[in-house]
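Asks: Residue numbers for the sequence shown follow my numbering, beginning at 13 and rising by one.
This structure is in structure tokens; I'll ask about it shortly.
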Amino acid sequence: MIGVFDSGFGGLTIFKAIEKKLPQFDYIYLGDNARAPYGNHSQEVIYEYTRQAVDYLFQAGCDLIILACNTASSEALRKLQQEYVPKKYPGKNILGVIRPLAEAASLMTKNKVVAVMGTRSTVESKSYIKELQIQVRKIKVVQQACPLLVPLIEENWEKTPETKMILKKYIRPLKSHFPDTVILGCTHYGWLQKDIERYFGKNIKVLDSGKIVADKLAEYLLKHPEYAKKTKSKPKTIFLTTDDAKRFQDSAEKYLGRKIKAVRIILNN
Ligand code: DGL
13 MIGVFDSGFG GLTIFKAIEK KLPQFDYIYL GDNARAPYGN HSQEVIYEYT RQAVDYLFQA
73 GCDLIILACN TASSEALRKL QQEYVPKKYP GKNILGVIRP LAEAASLMTK NKVVAVMGTR
133 STVESKSYIK ELQIQVRKIK VVQQACPLLV PLIEENWEKT PETKMILKKY IRPLKSHFPD
193 TVILGCTHYG WLQKDIERYF GKNIKVLDSG KIVADKLAEY LLKHPEYAKK TKSKPKTIFL
253 TTDDAKRFQD SAEKYLGRKI KAVRIILNN
């Protein structure tokens, strides 16, 4: 079973693509909606919240967890991957989204100017800058923290004129550096993909984070078949949220385009 974790609804943009690419597996999607947004918290707090989610998902039977949250991937993945998981859950593994997206951007950019939109903590962690500089030595990375977008999306305001206006304000300074490739360094922004593409214009490529992460996961599972255990029965997905289940269900159904059942859980140790 594969766990997909996000601070809230954002990871559904990654999960939707994973489920499409790899429908043969069982999944647990966990959104920590009650404590989102993560992006304005300190590294210690983000690590702690993410560790609790990781404990929950491994104890629920996952063998592999995708941190489908840039903020958690930037602030917690390394320590979890290198210290916590090997000690506490030998044989299990955890993957993030920063490396696959940075790799895709480095292959895509021609003029070597990449724009990154992310939460405040992802931007401040410089995780994309570091990762992109590993891939391409001479690369210009321009970043924009967009702290207002996650709360607007968590509130289902993604179609409102207010959100569009704020989005334009965040994109304008990035465009002035003439990037040719854009990384949506926050899974929530996938909900705004079409508007973001429109505001950047047709000559600037906005990466499809879900598809990139799903393709990388498929490659990873081919190389690591120990995590690619298929179920004998019909594959199923369990949706968990730390906030109101009905609210999660309504938003997730809207995004995934199908009926789901969500269950509320408490993460606190
Ligand atoms: N969706 C998450 C990300 O990819 C985090 C948003 C947040 O909770 O601030 O960064």
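In this text, a Cβ means the ideal position worked out from N, Cα and C, and glycines have one as well.
Curious, which full-length alpha helix (DSSP H) runs of at least 4 residues does the region 91–122 contain?
Replies: You should have 97–100 and 110–120.
Asks: Considering only C-alpha positions, which residue in the set L164, I183 and Y201 is nearest to T175?
Replies: With distances taken between Cα atoms, T175 lies closest to L164.
Asks: Specify which residues have a beta carbon nearer than 5 Å to any heavy atom of the ligand DGL, listing them in chain order.
Replies: Going by the Cβ distance cut-off, the answer is S19, G22, A48, P49, Y50, G51, C81, N82, T83, T131, V162, C198, T199 and H200.
Asks: Going by DSSP, what residue range makes up the beta strand (DSSP E) through K152?
Replies: Per DSSP, K152 belongs to the beta strand (DSSP E) from K152 to A157.
Asks: Which residue's Cα is closest to the Cα of R75: Y68, S86 and N105?
Replies: Looking at the sequence shown, residue 75 is not Arg but Asp. Per the Cα distances, N105.
Asks: Return helix, strand or coil for T253, following the three-state DSSP convention.
Replies: Of the three classes helix, strand and coil, the one that applies to T253 here is strand, per DSSP.
Asks: Three Cβ pairs or more, each shorter than 8 Å: is that satisfied between the region 34–42 and the region 220–235?
Replies: At 8 Å Cβ cutoff, the stretches touch.
Asks: Rounded to a whole number of angstroms, what is the C-alpha to C-alpha distance between N52 and E136?
Replies: Distance between the alpha carbons of N52 and E136: 10 Å.
Asks: What do you get for M13, buried or exposed, if any count of 16 or more other CB atoms within 10 angstroms of its CB means buried?
Replies: Buried, by the Cβ-count rule.
Asks: Grab me the residues of A240's own chain with a C-beta within less than 6 Å of its C-beta, minus the 5 sequence neighbours each way, in chain order.
Replies: For A240, where only same-chain residues beyond five positions count, the Cβ hits under 6 Å are L233.
Asks: Do you know offhand how far D207's Cα is from P159's?
Replies: Each residue's Cα considered, the two are about 17 Å apart.
Asks: At the level of alpha carbons, what is the spacing between A157 and Y182?
Replies: Distance between the alpha carbons of A157 and Y182: 8 Å.
Asks: Given that a residue counts as buried once 16 or more other Cβ atoms are within 10 Å of its Cβ, and exposed if not, what is I278?
Replies: Answer is exposed; the Cβ neighbour count stays below 16.
Asks: Could you name the residues of the same chain whose beta carbon sits closer than 6 Å to that of Y46, not counting the 5 residues immediately before and after it, in chain order?
Replies: The identity of residue 46 in the sequence shown is Ala, whereas the question assumes Tyr. Result list for A46: T254 and D255, in chain order.
Asks: Spatial neighbours of D38 within its chain, please: CB distance less than 6 Å, with the 5 preceding and 5 following residues excluded, ordered by chain position.
Replies: Excluding sequence neighbours, D38 sits near M13, T243, P247 and K248.
Asks: For T193, which beta-bridge partners are listed by DSSP?
Replies: T193 is bridged to V126 and K217.
Asks: Let's see if you can read the secondary structure: which residues bound the beta strand (DSSP E) around R47?
Replies: Element bounds for R47: n/a, residue is neither H nor E.
Asks: Alpha carbon to alpha carbon, how far is I78 from L69? Give it in angstroms, no decimals.
Replies: Taking the straight line from one Cα to the other gives about 10 Å.
Asks: Between which two residues does the alpha helix (DSSP H) holding A274 run?
Replies: Segment A274 to R276 is the beta strand (DSSP E) holding A274; no alpha helix (DSSP H) there.
Asks: Sort R132, P112, D44 and R276 by Cα distance to V225 and report the nearest one.
Replies: Minimum Cα distance to V225 is reached at P112.
Asks: Give me the Cα-Cα distance between Q94 and Y101, rounded to the nearest whole angstrom.
Replies: Looking at the two C-alpha atoms, the distance is approximately 12 Å.
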